[in-house]
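A.B. asks:
In my numbering, the protein residues as written are 13 to 501.
#1: Tell me whether residue 243 is buried or exposed, calling it buried when 16 or more other Cβ atoms sit within 10 Å of its Cβ.
#2: Would you tell me roughly how many angstroms separate the C-alpha atoms of residue 501 and residue 424, rounded to the nearest one?
#3: Taking 8 angstroms as the threshold (C-beta atoms), are residue 362 and residue 405 in contact?
#4: Taking contact to mean at least 3 C-beta pairs separated by less than 8 angstroms, is the region 162 to 177 in contact with the region 140 to 149?
#5: Could you tell me the alpha carbon to alpha carbon distance between residue 31 and residue 136, rounded to whole angstroms?
#6: Sorted by chain position, which residues of the same chain lie with C-beta nearer than 6 angstroms to residue 410's C-beta, five sequence neighbours on each side aside?
#7: Quick one, which of 485, 356, 428 has its alpha-carbon nearest residue 445's?
#8: Straight-line CA distance for residue 416 to residue 233?
#9: Roughly how many angstroms separate the alpha carbons of residue 419 and residue 306, rounded to a whole number?
#10: Along the chain, where does the alpha helix (DSSP H) containing residue 258 start, and where does it finish?
#11: Among the residues of its own chain, which have a CB less than 8 angstroms from the CB of residue 182, if the five just before and after it don't count?
#12: Taking the straight line between their C-alpha atoms, what separation do you get for residue 489 and residue 473?
#13: Which residues mark the beginning and the end of the alpha helix (DSSP H) in which residue 99 is found?
#14: Are residue 350 and residue 262 close, meaning C-beta to C-beta below 8 angstroms?
#15: If I'm right that residue 382 touches residue 369 with Cβ under 8 angstroms, what's the distance once you round it to whole angstroms?
#16: To which residues of the same chain is residue 459 closer than 6 angstroms at the C-beta, ignoring the five residues directly before and after it?
#17: Helix or strand or just coil, what does DSSP make of residue 396?
#18: Measuring CB to CB, does residue 52 end up less than 8 angstroms from residue 190?
#19: Counting only runs that start and end within the region 270 to 310, where is the beta strand (DSSP E) found for 3 or more residues in a row?
#20: Going by Cα to Cα distance, which pick from 367, 429, 213, 396 is closest to residue 174?
#21: Can you tell me the Cα-Cα spacing of residue 71 and residue 421, whole angstroms?
#22: Using the three-state DSSP reduction, which class does residue 406 fall into: helix, strand or coil?
#23: Is residue 413 near residue 331, with beta carbons less than 8 angstroms apart?
#24: Less than 8 angstroms between the CB atoms is what I'm expecting for residue 288 and residue 403, so what's the real figure, rounded?
#25: I need the straight-line Cα distance from residue 155 to residue 256, nearest angstrom please.
#26: At the level of alpha carbons, what is the spacing between residue 469 and residue 491?
#27: Residues in its own chain within less than 6 angstroms of residue 110 by CB, not counting five upstream and five downstream?
#28: Does the contact criterion of 3 or more C-beta pairs under 8 angstroms hold for the region 308 to 328 versus the region 433 to 447?
#29: Am I right that residue 280 and residue 26 are in contact with their C-beta atoms under 8 angstroms? What's the rounded C-beta distance?
#30: Output the distance between the C-alpha atoms of residue 308 and residue 366, rounded to the nearest integer angstrom.
#31: Where residue 483 and residue 461 are concerned, what is the direct C-alpha to C-alpha distance, given to the nearest angstrom?
#32: Please give the ranges of any alpha helix (DSSP H) in the region 120 to 172, keeping only runs that are unbroken, at least 4 residues long and fully inside the region.
#33: How would you call residue 223, buried or exposed, if buried means at least 16 neighbouring beta carbons within 10 angstroms?
#34: For residue 179, count neighbouring Cβ atoms within 10 angstroms of its own Cβ and tell me buried if that reaches 16, exposed if not.
#35: Considering Cα atoms alone, identify which of 481, 35, 453 is closest to residue 358.
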């Protein structure tokens with residue numbers, strides 16, 4: 013259908029396939045390459061009395077097909093002379109008729125319980141430019157006609173379709189029966205489509221989300237498209253591992269989104285460098301640390317990799333920690349920072365909260381701490397144990413970044429499964445939260461689009477395709493653990 017095809021879609025599909033790690037032995041195949049051969053076979057079927065031109069409106073044709081439990085009504089044009097159908101079909105190709113004025117139908121069985129065999133449409137008139145053939149054609153083959161024939165031309169052995177095409181298989185076979193008597197025949201095999209919880213996989217529903225502006229295009233990181241998952245930070249390896257885990261089924265079922273997230277989390281844990289970022293910064297002033305002094309702490313890039321390198325992280329008198337890592341009146345089992353309590357700063361020192369300051373609204377704006385100079389990580393005094401370890405960023409060295417916290421697109425496990433409620437009613441209002449000025453360690457200044465990291469204690473993040481050195485943007489791929497499982501337990 014040239015109305016629904018575009019070179020942009022073709023290029024996007026090719027990009028996705030190559031990104032997944034696959035390639036073509038030769039060039040990609042297009043059904044439009046076979047338009048002339050498909051047309052010749054259609055003429056052959058007309059000449060054999062197995063196809064005819066019908067001039068009835070689409071509404072009447074649909075009515076005549078009837079229902080599976082009763083035979084349909086034959087078109088008054090069904091037995092028109094072969095020469096007449098052949099002449100009209102050639103004139104259809106020549107562009108003599110308007111859109112919808114005539115169609116070519118296969119002459120099969122109007123009483124078949126399989127509705128797809130009740131004289132299906134093979135060709136329709138559509139004066140529409142095609143992205144590959146331009147205006148060479150104004151008649152286009154229908155999917156059911158082009159499918160098997162294209163497979164035959166390409167030497168396909170097994171044509172893999174989803175379960176809804178099982179009822180189309182007799183028609184797939186019928187068309188092939190008419191064009192070949194060779195021992196070679198492609199076979200259509202059906203399997204269950206992938207259904208994921210907390211999202212929709214239907215192209216029609218996804219298109220609706222895009223057109224209504226409920227997501228930011230097909231590559232929105234909340235979309236279950238390959239381009240969306242790629243932009244969010246998923247890896248080809250994680251998607252391949254996920255596919256191997258779920259296998260191929262013959263029955264429809266719903267795969268828990270948590271399994272997909274577990275798979276990418278598992279892979280990113282092995283490959284990503286650990287860095288520090290503070291999303292909701294609260295300033296800490298270490299009062300007994302020398303003013304103007306900077307130390308470079310060495311942090312291992314990835315403890316999961318024994319061959320991993322390390323990188324320097326600057327440490328200074330003023331640092332940022334997360335707002336929720338401090339509590340004024342902390343319970344006994346709160347193992348983060350609180351008045352008169354100690355925590356370790358990751359890769360640095362143990363600090364103790366001595367005091368804090370609030371603004372006029374009662375919001376804590378600064379914390380005053382002291383540090384233990386003998387507790388530096390990696391040195392003898394570092395063996396002293398405290399229960400909490402916090403991530404941090406040096407305030408004078410911090411790099412600002414926009415951080416996009418993506419979450420599941422829907423709050424319902426099966427948003428399309430409610431007949432009385434539109435699936436869009438279940439959109440998660442918190443599926444995207446933007447933090448305009450997170451504080452990052454300076455090593456991330458050089459992050460390139462697509463680079464992936466573990467923000468320690470926060471999750472896995474990916475530099476967005478629109479990120480630049482002057483305006484860093486990171487997308488959250490997935491958290492460090494499945495918080496949805498806990499919240500829905």
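Where is the CB? At the ideal position from N, CA and C, for every residue including glycine.
C.D. replies: Taking the geometry as given:
#1: Buried, by the Cβ-count rule.
#2: In this predicted model, residue 501 has a pLDDT of only 48, less than 50, meaning its place in the structure is not dependable; the value taken from the coordinates is given anyway. Rounded to whole angstroms, the separation of the alpha carbons of residue 424 and residue 501 is 14 angstroms.
#3: Inclusion of residue 405 and residue 362 in the CB contact set at 8 angstroms is not warranted, their separation being larger than that value.
#4: In the pairwise beta carbon analysis, the region 162 to 177 is classified as not touching the region 140 to 149: fewer than three pairs are separated by under 8 angstroms.
#5: Straight through space, the alpha carbons of residue 136 and residue 31 are spaced by roughly 36 angstroms.
#6: Only 451 meet the Cβ criterion.
#7: In terms of Cα proximity to residue 445, the closest of 485, 356, 428 is 485.
#8: Between residue 416 and residue 233, the C-alpha separation is close to 10 angstroms.
#9: Roughly 37 angstroms between the two C-alpha positions.
#10: For residue 258, the enclosing alpha helix (DSSP H) stretches over residues 248 to 258.
#11: Cβ neighbours of residue 182 within its own chain (closer than 8 angstroms, five residues either side excluded): 126, 128, 129.
#12: Linking residue 489 to residue 473 through their CA atoms gives a straight-line distance of about 5 angstroms.
#13: 94 to 106 is the span of the alpha helix (DSSP H), which, as asked, contains residue 99.
#14: No.
#15: Contact doesn't hold; Cβ gap of about 16 angstroms is too wide.
#16: Result list for residue 459: 475, in chain order.
#17: Reduced to three states, the DSSP call for residue 396 is coil.
#18: Contact flag unset, no.
#19: Within the region 270 to 310, complete beta strand (DSSP E) segments of at least 3 residues are found at 285 to 287, 293 to 298, given in chain order.
#20: Checked all of 367, 429, 213, 396; the closest Cα to residue 174 is 213.
#21: Their backbone Cα atoms lie some 38 angstroms apart in a straight line.
#22: Residue 406: strand per DSSP, three-state reduction.
#23: Taking 8 angstroms as the Cβ cut-off, residue 413 and residue 331 do not qualify as a contacting pair.
#24: Between residue 288 and residue 403 a beta carbon distance of about 5 angstroms is seen, short of the 8 angstroms cut, so the two are scored as contacting.
#25: Distance between the alpha carbons of residue 155 and residue 256: 30 angstroms.
#26: When only Cα atoms are considered, residue 469 and residue 491 end up about 9 angstroms apart.
#27: Result list for residue 110: empty, nothing under 6 angstroms.
#28: Counting Cβ pairs under 8 angstroms, fewer than three are found: no touch.
#29: Contact between residue 280 and residue 26 does not hold, since the beta-carbon distance rounds to 26 angstroms and is not under 8 angstroms.
#30: Taking the straight line from one Cα to the other gives about 25 angstroms.
#31: Approximately 12 angstroms, taken between the alpha carbons.
#32: Runs of the alpha helix (DSSP H) inside the region 120 to 172: 155 to 166.
#33: Using a 10 angstroms sphere on the CB of residue 223, the tally of other CB atoms stays under 16, which defines it as exposed.
#34: Around the Cβ of residue 179, a 10 Å sphere holds fewer than 16 other Cβ atoms; the residue is exposed.
#35: Cα-wise, what sits closest to residue 358 is 453.
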